[in-house]
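Asker: Dumping the structure here so I can ask a few things about it.
Numbering (the working numbering), first residue to last: 194 to 307.
Okay, here's the thing in structure tokens:
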């Protein structure tokens, strides 16, 4: 269920994703499995937040859903000011405790499938 906020003068919509997902991303020469934290928008720009399964680092990308296909397009955010602002807004909603709870949910799902 989406939630809409006004954070620091920006219209922000969180929880746009439906369910959980593990997404493999290519970072240079390495491929990394990440869990989906959220797909959200800031002033009508779409973003995705992923948590690295290896380093516990949070990655933010611009997000485009390619309709009619099972693919998404993730684009690195090159502008440091944009990264800082989006992460600041993201962290207003997603606290460390919420992310820890989400990780536990993923782990419980994996364990129940065994």
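Ideal placement from N, C-alpha and C gives every residue a C-beta, glycine not left out. It should be emphasised that the depicted structure is a prediction, and the values quoted were computed from it without experimental measurement.
Give me the Cβ distance between residue 267 and residue 218, rounded to the nearest whole Å; I'm assuming they're in contact under 8 Å.
Answerer: So it is a contact: roughly 7 Å between Cβ atoms.
Asker: In angstroms with no decimal places, state the Cα-to-Cα distance between residue 224 and residue 243.
Answerer: Looking at the two C-alpha atoms, the distance is approximately 14 Å.
Asker: Among 214, 305, 203 and 233, which has the Cα closest to the Cα of residue 287?
Answerer: Here the closest residue by C-alpha is 233.
Asker: Enumerated in chain order, which unbroken segments of the beta strand (DSSP E) with a length of 3 residues or greater are wholly contained in the region 221 to 293?
Answerer: Counting whole runs of 3 or more residues, the region 221 to 293 contains the beta strand (DSSP E) stretches 223 to 235, 238 to 245, 251 to 258 and 265 to 269.
Asker: Based on Cα-Cα distance, which residue from 206, 278 and 271 lies nearest to residue 237?
Answerer: Of the candidates 206, 278 and 271, the one whose C-alpha sits nearest the C-alpha of residue 237 is 206.
Asker: Ignore the nearest five residues each way along the sequence and tell me which others in residue 226's own chain have a CB closer than 7 Å to its CB.
Answerer: Here the set comprises 215, 217 and 246.
Asker: Are residue 265 and residue 252 touching if we call contact CB-CB under 8 Å?
Answerer: Contact: no.
Asker: Let me know the secondary structure DSSP gives residue 304 once reduced to three states.
Answerer: Here residue 304 sits in helix by DSSP.
Asker: For residue 280, I'd like the list of residues in its chain whose CB is within less than 7 Å of its CB, leaving aside the five on either flank, ordered along the chain.
Answerer: Counting only Cβ-Cβ distances below 7 Å, and skipping sequence neighbours, we find 253.
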